[in-house]
Structure formats: C-alpha cells, structure tokens
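Let me begin by presenting the structure, written as structure tokens, before commenting on it.
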Amino acid sequence: MGMLSWDCVVASDHPLAKMDGPLSDDVLRNWPSLVREDTSRSLPKRTTWLLDNQKRVVGP
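The letter at position 10 of the sequence shown is residue 97 when you use our numbering, and the numbering goes up by one with no holes.
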C-alpha cells in the first residue's frame, strides 16, 4: 500500500481555527469528522482517522 498524509481542514470562522498550537485528540473529538465512504468492492472497507467516541458524517 502506501502512506497518506492527513490534513485537518476547517473554515476560517470555525472555533477550531481560532485555537493556538496543535489540537489535541480531546479537542478534536468534540467535533464530528466528515469522511468519504470507502467504496471498495473487492477489499474490506476501511475506516481511517476516526478518534474513539468521535461522531462522523459519511458522504458517498
């Protein structure tokens, strides 16, 4: 496989954008993760970059 680099992206007026320094998992966990659904047909579907107890919104 390979390696992926993930970016946490929010609008400039989002509360997370106003926080200084690196964001901890505890801070990020309070906001839902917007993710694309894995549409694999021949391999098991995967879920990535989801923190324990974090809500997620899945898009096609």
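Don't be surprised by glycine CBs; every beta carbon is placed ideally from N, CA and C. All values reported here derive from a predicted model rather than from experimental measurement.
Checklist line | Through-space distance from Arg128 to Ser92, alpha-carbon basis | finding: For the purposes of this step, residue 92 is taken as the residue at position 5 of the sequence shown. For the purposes of this step, residue 128 is taken as the residue at position 41 of the sequence shown. Distance between the alpha carbons of Ser92 and Arg128: 24 Å.
Next item on the list: Would you identify the three-state DSSP class for Leu115, choosing helix, strand or coil?
Entry: Numbered from 1 along the sequence shown, position 28 holds the residue referred to as residue 115. Three-state result, Leu115: helix.
Notebook entry, point to check: Once you ignore the five residues that flank Pro119 on each side, which residues in its own chain have a CB closer than 8 Å to its CB?
Noted result: Taking the first residue of the sequence shown as position 1, residue 119 is located at position 32. For Pro119, where only same-chain residues beyond five positions count, the Cβ hits under 8 Å are Gln141, Lys142, Arg143 and Val144.
Margin query: Within a Cβ cutoff of 8 Å, which residues of the same chain sit near Gly146, ignoring the five residues on either side of it in sequence?
Written below: Here residue 146 refers to the residue found at position 59 of the sequence shown. Only Leu121, Val122, Arg123 and Glu124 meet the Cβ criterion.
Notebook entry, point to check: Helix, strand or coil for Leu121 per DSSP?
Noted result: Residue numbering aside, residue 121 sits at position 34 when the sequence shown is read from its first letter. Strand at Leu121.
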